[in-house]
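K.L.:
The sequence shown begins at 1 in UniProt numbering and counts up by one. Beta carbons: idealized from backbone N, C-alpha and C, even for Gly. The structure that follows is given in the form of structure tokens.
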Amino acid sequence: MRELVISIRRARLSDAEGLSIVHDAAWREAYQGVLPGVALERMIARRGPEWWRQNAARGNEPGSRQMLVLEVGDQVGGYVIYGQNRMLSLPQRGEIDALYLDPVCQGLGLGRRLFRAARRDLSGRSLGSTVIWCLDANARGSQFYAGLGGAPQARAAFRIGGENFPASAWAFS
Numbered sequence: 001m002r003e004l005v006i007s008i009r010r011a012r013l014s015d016a017e018g019l020s021i022v023h024d025a026a027w028r029e030a031y032q033g034v035l036p037g038v039a040l041e042r043m044i045a046r047r048g049p050e051w052w053r054q055n056a057a058r059g060n061e062p063g064s065r066q067m068l069v070l071e072v073g074d075q076v077g078g079y080v081i082y083g084q085n086r087m088l089s090l091p092q093r094g095e096i097d098a099l100y101l102d103p104v105c106q107g108l109g110l111g112r113r114l115f116r117a118a119r120r121d122l123s124g125r126s127l128g129s130t131v132i133w134c135l136d137a138n139a140r141g142s143q144f145y146a147g148l149g150g151a152p153q154a155r156a157a158f159r160i161g162g163e164n165f166p167a168s169a170w171a172f173s
């Protein structure tokens, strides 16, 4: 019998292809039928392997956004990007920019593990109070953040493909 090892670690340059594949699959799962088709395709295309390589390389620079990878066996199963809160009007010090899993990894508690790992790292950087934005139309994402104990604190609209999409800032103390 083979044992499947699941781990969370810092992103590496060699993860770029896997991150690109997970990003594509996760965004299609979350936003197909929600975002305009052309806009969704453009947003996915902008984050190809080269984008991921550049961001993994920046992860060691002071003050840069951090990226953790969920590794399932020898494959990338998800990622989280986080750092200092960029929206100064909110009191939270930390911000999770993105948390996405390959659809085959969803519903197994792995997203919770990835979220908690990012929160631990943020706390270690004195950025413990955290906010994450989620489009209101992403019901699964909103349910996930509510289940983690988050509370909607602020609202905004994000302009995507020429349309406004309401979003909520989920706060965690």
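1. Is there contact between the region 60-77 and the region 11-23, where contact requires at least three CB pairs shorter than 8 Å?
2. Taking buried to mean at least 16 other C-beta atoms within 10 Å of its own C-beta, is Ala156 buried or exposed?
3. Tell me the start and end of each unbroken alpha helix (DSSP H) in the region 70-143 that is at least 4 residues and wholly inside, in chain order.
4. Which value, in whole angstroms, describes the spacing of the CA atoms of Ser168 and Gln153?
5. Using a threshold of 9 Å, state whether the C-beta atoms of Gly111 and Gly83 are closer than that.
6. For Glu95, does the count of other Cβ atoms within 10 angstroms reach 16, so buried, or fall short, so exposed?
7. Output needed for Pro36: all residues of its chain with C-beta closer than 8 Å, excluding positions within five of it in sequence on either side, in chain order.
8. For Pro62, which of helix, strand or coil comes out of DSSP?
9. Determine the extent of the alpha helix (DSSP H) in which residue 262 is found, giving its start and end residues.
10. Out of Phe144, Gln54, Arg125 and Arg116, point me to the one whose CA is closest to Ile8's CA.
11. Does the count of Cβ pairs from the region 74-88 and the region 124-136 closer than 8 Å reach three?
12. Under three-state DSSP, which class holds Pro49?
13. What does a CB cutoff of less than 8 Å around Glu29 pick up in its chain, not counting 5 residues either side in sequence?
14. Taking the beta carbon of Gln32 as the centre, do at least 16 other beta carbons fall within 10 Å, making it buried, or is it exposed?
P.N.:
In short:
1. Judged by pairs of C-beta atoms under 8 Å, the region 60-77 touches the region 11-23, as three or more such pairs exist.
2. Along the sequence shown, one-based indexing puts residue 156 at 156. Sixteen is the threshold: since fewer than 16 other Cβ atoms of the shown chains lie within 10 Å of the Cβ of Ala156, the residue is exposed.
3. 110-124
4. Reading the sequence shown from its first residue, position 168 is the one you call residue 168. Reading the sequence shown from its first residue, position 153 is the one you call residue 153. Going by the C-alpha atoms only, they are around 7 Å apart.
5. Against the sequence shown, residue 111 aligns to sequence position 111. Against the sequence shown, residue 83 aligns to sequence position 83. Contact flag unset, no.
6. Here the question's residue 95 lines up with position 95 in the sequence shown. So Glu95 ends up on the buried side.
7. Taking the first residue of the sequence shown as position 1, residue 36 is located at position 36. Result list for Pro36: Ile160, Gly161, Gly162 and Glu163, in chain order.
8. Within the sequence shown, numbered from 1, the residue matching residue 62 stands at position 62. The answer is coil: DSSP assigns Pro62 none of H, G, I, E or B.
9. Here the chain has residues from 1 to 173 only, and residue 262 is not among them.
10. Position 8 of the sequence shown, counting from 1, holds the residue named residue 8. Closest by alpha carbon: Arg116.
11. yes
12. Translated into the one-based positions of the sequence shown, residue 49 becomes position 49. Pro49: helix per DSSP, three-state reduction.
13. On the sequence shown, residue 29 is found 29 positions in, with the first residue counted as 1. Pro103 and Gln106, listed in sequence order.
14. Taking the sequence shown and counting its residues from 1, the one referred to as residue 32 is at position 32. That one is exposed.
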